[in-house]
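2 protein chains.
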Amino acid sequence: MKPPLKIALAGLGTVGAGTLRLLRSNADLLAGRGGKRIVVGAVSARDRRKDRGVDLSAARWFADAAAMAVDPEIDVVVELIGGANGVALDVVKAALAHGKHVVTANKALMAHHGTELARLAEAKGVALAFEAAVAGGIPIMKTLREGLAANRIARVYGILNGTSNFILTTMRESRREFSEVLGEAQEVGYAEADPSFDIDGVDAAHKLAILTSVAFGTEVDFAGVYVEGIRHISALDIEYAAELGFRIKLLGLARPTEHGIEQRVHPCMVQRTTPIANVEGVFNAIMVEGDFCGRIMLQGRGAGAEPTASAVVADLLDIAAERRSPSFAVAARTLSALPASPMERHRGAYYIRLMVVDRPGVIADVAAALRDEQVSMEAMIQRGRSPTEAVPVVLTTHETEEAAMRRALARIADLSTVLEPPRMIRIESL
Amino acid sequence: MKPPLKIALAGLGTVGAGTLRLLRSNADLLAGRGGKRIVVGAVSARDRRKDRGVDLSAARWFADAAAMAVDPEIDVVVELIGGANGVALDVVKAALAHGKHVVTANKALMAHHGTELARLAEAKGVALAFEAAVAGGIPIMKTLREGLAANRIARVYGILNGTSNFILTTMRESRREFSEVLGEAQEVGYAEADPSFDIDGVDAAHKLAILTSVAFGTEVDFAGVYVEGIRHISALDIEYAAELGFRIKLLGLARPTEHGIEQRVHPCMVQRTTPIANVEGVFNAIMVEGDFCGRIMLQGRGAGAEPTASAVVADLLDIAAERRSPSFAVAARTLSALPASPMERHRGAYYIRLMVVDRPGVIADVAAALRDEQVSMEAMIQRGRSPTEAVPVVLTTHETEEAAMRRALARIADLSTVLEPPRMIRIESL
């Protein structure tokens, strides 16, 4: 057997501890599959005394992760600290600059600095792998980089945030409102105390920016992602979605358009019969549409210590077995800087819910506002009747440009008979 | 750029032509991802004059595929002839023996000779890749070999035959009988003129035998696969399945048990809410249950020229980029020869449908037969009443051993009040 692969772990939180457990419990299997043993030579974390349930006595302890990253005995630095900048960035840069392979689970880091770091890795001839950064245990990076590499990708989309999907699923199943379900998700640990990264779409946008680059060979452009979260989704909208044959999912979607690369994260109405609509709870799923493979969907757990460790160690096995593919599928120096397609140029169908005064002429005013912006109505539902309260009116449109839809919504919001700001959810044809 | 990868194509049927189309239409993209161009240096097929819609003038023509396989100018032989033996086997053996990499889409060949061929490839230090042999465009080989390689696999199962899944889906949706739907599938080209490989489970068993080896590190053991097809599934059973909350799917399932490796292909009753139950029509899907990744499902098109070409060329890109993993995830010489767990030792729940005389005491006789073999009944439905005709009685059992179930069924079949051979479908908890 070849000499072992010596790794250093920077960060010993949930994923770090999971990775140590995996390396220990599957050590023989990993040696068989990677052709050499994987040995944890060094570790670094904030608190040395904390009990992590794993024996760290054989590994050298570094208080300074950046110092560990350049240690000459280490082959691979595994960055599990997190955060787009700060220590994580320092550690990864130092490791790459010193010719160490890097494996990271850090989506924020890759979303913000992916292109630069991949170019640094390439210049140094080392691997920069980040399977764990996107969709946890689902090997989507390898699938795009290698498994489906023969294809020109037309579109990639998916459920990239388990917390949001859990909340939307539970809202639908229990017919409750967002804030109540969020509170419950926080109690059971599916949502964090500060849930904004998850429910405001930022986490999904980090992952989408990475996916986009691997799928289309473009520089990572997190700033180019249009982001909208799920806070404004109400039980009423979920009910109407069901009535119209849809489910509401927070999706990340990317594709090349004539205006550049379109990247967007927002709640979508998707046909209930599509595969992605049936991915429920904390599960993630990613659909890849290739010119030869057709539609390939992968689903599984997108977070958690064990699934994320599975991805981290898969990257380590590639390094152990000397299997290399460029971080973003093509040489980093050749990644193209395509413009971001502005959201105003997006074309699609829309679901609109208004709360209106229940009296004759209201629908005529709304219809006129749509007509004036050349937005074509597809269906309208006004079910409840009440002379004293606001009643919901739901509309769906044919495909139109987002800019026109926004102008029409501004007109509609100005109508005196429309009592609340209009709610708009994009209808996605998948 | 590095010198090109020179390939030879043996077999120019549907998949061969699809592969040529892919190599031409995505040539630039492939060069970017593989680091070198892929050039078709030679081709071989039965009929030279047939118009395949692709320009072959730049490739040398060989009437003898085995002679082409040993040509010194060729780096990789792509075997798309098909069949477990004969020319396909000769070509692959000759290529490997002469130190050529081999890519094949031939599931029968790999199911029958996989271990031997992988050992030959390993001895010669060349790649033997067969992504296209299992589930067409779904990159399940790479996923098991690399993407999920950190995991100990507890079970792998899936819908491995699109024709059978199409027939079962259509039977359910249209409430028609097997033979009628098969005829329709043959008309639209989803089933072959001789459909037995597909509908009798042989094709799925070939794929399962390959999957098993990659998942569990065992020698390929096609003979050890228990195989049962879908010919005996009736519209009545599909109706009862729906009533019980199930769908009927032809699955291939493999897992290690205390008696050895269990490999089986047969119709299964699966809960309608499981992800696999919702994979419909010609689609394939494979579920991998790993100790760290949890449940990962891949779905997509399992057949057709384009998806299969996507898989063939993915293998070529791995060779071009010098990414190598052992054919069956671990060194072929270390594949273990575990015994096949006999089907009689399988434990599971069962669905039984009987056609009985409608008179008092019939159920008591059936219940006594089950009791005498220690099979525990879970539910019973006898809905229709008819004094003159056979009426259906449906039973489900708790988990029991297959041997006991078979003995109980033999007793039941012997009852004078039971008018047709009992129908048995295994209930799978997924």
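One line per chain: the protein sequences are A and B, in this order. Per our numbering, the very first residue in the first sequence carries number 39; after that it's consecutive. Per our numbering, the very first residue in the second sequence carries number 39; after that it's consecutive. By construction, the Cβ of each residue, glycine as well, lies at the ideal position given by its N, Cα and C atoms.
Below-7 angstroms beta-carbon distance, residue i vs any chain B residue
| i | result |
| --- | --- |
| residue 62 of chain A | no |
| residue 157 of chain A | no |
| residue 41 of chain A | no |
| residue 330 of chain A | yes |
| residue 339 of chain A | yes |
| residue 423 of chain A | no |
| residue 322 of chain A | no |
| residue 75 of chain A | no |
| residue 190 of chain A | yes |
| residue 7 of chain A | There is simply no residue 7 of chain A to check, as chain A begins at 39 and stops at 468 in what is shown. |
| residue 164 of chain A | no |
| residue 67 of chain A | yes |
| residue 470 of chain A | Nothing about residue 470 of chain A can be reported from this structure: the residues present for chain A run from 39 to 468 only. |
| residue 291 of chain A | no |
| residue 226 of chain A | no |
Those residues which DSSP pairs with residue i across a bridge
| i | result |
| --- | --- |
| residue 139 of chain A | A/114 |
| residue 386 of chain B | B/438 |
| residue 392 of chain A | A/431 |
| residue 374 of chain B | B/256 |
| residue 415 of chain B | B/435 |
| residue 306 of chain B | B/287 and B/464 |
| residue 294 of chain A | A/299 |
Chain A contact for residue i (CB, 7 angstroms cutoff)
| i | result |
| --- | --- |
| residue 335 of chain B | yes |
| residue 182 of chain B | no |
| residue 365 of chain B | no |
| residue 347 of chain B | yes |
| residue 351 of chain B | yes |
| residue 344 of chain B | yes |
| residue 177 of chain B | yes |
| residue 252 of chain B | no |
| residue 78 of chain B | no |
| residue 94 of chain B | no |
Neighbour-count burial assignment, residue i, 16 or more Cβ in a 10 Å radius
| i | result |
| --- | --- |
| residue 287 of chain A | buried |
| residue 138 of chain B | buried |
| residue 310 of chain B | exposed |
| residue 159 of chain B | buried |
| residue 150 of chain B | buried |
| residue 86 of chain B | exposed |
| residue 39 of chain B | exposed |
For residue i, three-class secondary structure by DSSP
| i | result |
| --- | --- |
| residue 54 of chain A | helix |
| residue 300 of chain A | strand |
| residue 177 of chain B | coil |
| residue 44 of chain B | strand |
| residue 287 of chain B | strand |
| residue 153 of chain A | helix |
| residue 315 of chain B | helix |
| residue 337 of chain B | strand |
| residue 366 of chain B | strand |
| residue 257 of chain A | coil |
| residue 228 of chain B | coil |
| residue 323 of chain A | strand |
| residue 345 of chain A | helix |
| residue 262 of chain A | helix |
| residue 455 of chain B | coil |
| residue 268 of chain A | coil |
| residue 212 of chain B | helix |
| residue 204 of chain A | helix |
Cross-chain neighbours of residue i in chain E, by beta carbon under 9 angstroms
| i | result |
| --- | --- |
| residue 372 of chain A | Here chain E cannot be found, since the structure's protein chains are A and B. |
For the segment 292-301 of chain A and the segment 101-117 of chain B, state whether three or more C-beta atom pairs, one from each stretch, are separated by less than 8 angstroms.
The count of Cβ pairs closer than 8 angstroms, one atom from the segment 292-301 of chain A and one from the segment 101-117 of chain B, stays below three, leaving the stretches out of contact.
Would you say the segment 330-343 of chain B touches the segment 334-349 of chain A, given that touching needs at least three Cβ pairs under 8 angstroms?
Three or more beta-carbon pairs drawn from the segment 330-343 of chain B and the segment 334-349 of chain A are found closer than 8 angstroms, and the two stretches are therefore classed as touching.
Cβ pair count under 8 angstroms reaching 3, the segment 218-236 of chain B against the segment 343-361 of chain B
no
Contact between the segment 178-189 of chain B and the segment 178-192 of chain A: three or more CB pairs below 8 angstroms?
The answer is yes - the segment 178-192 of chain A touches the segment 178-189 of chain B, with three or more Cβ pairs under 8 angstroms.
Under 8 angstroms, with one C-beta from each stretch per pair, do the segment 434-453 of chain B and the segment 407-419 of chain B reach the 3-pair mark?
yes
Just checking, does the segment 46-64 of chain A make contact with the segment 112-120 of chain A on the three C-beta pairs under 8 angstroms criterion?
yes
Any chance the segment 159-169 of chain B sits against the segment 339-356 of chain B, with 3 or more Cβ pairs inside 8 angstroms?
yes
I want to know whether the segment 236-248 of chain B touches the segment 259-274 of chain B - three or more CB-CB distances under 8 angstroms.
yes
Contact the segment 425-434 of chain A vs the segment 393-408 of chain A: 3+ CB pairs below 8 angstroms:
Yes, the segment 425-434 of chain A is in contact with the segment 393-408 of chain A.
For the 8 angstroms Cβ check, are there 3 or more pairs between the segment 307-325 of chain A and the segment 58-68 of chain B?
In this structure the segment 307-325 of chain A does not lie against the segment 58-68 of chain B, because fewer than three pairs of beta carbons, one per stretch, are closer than 8 angstroms.
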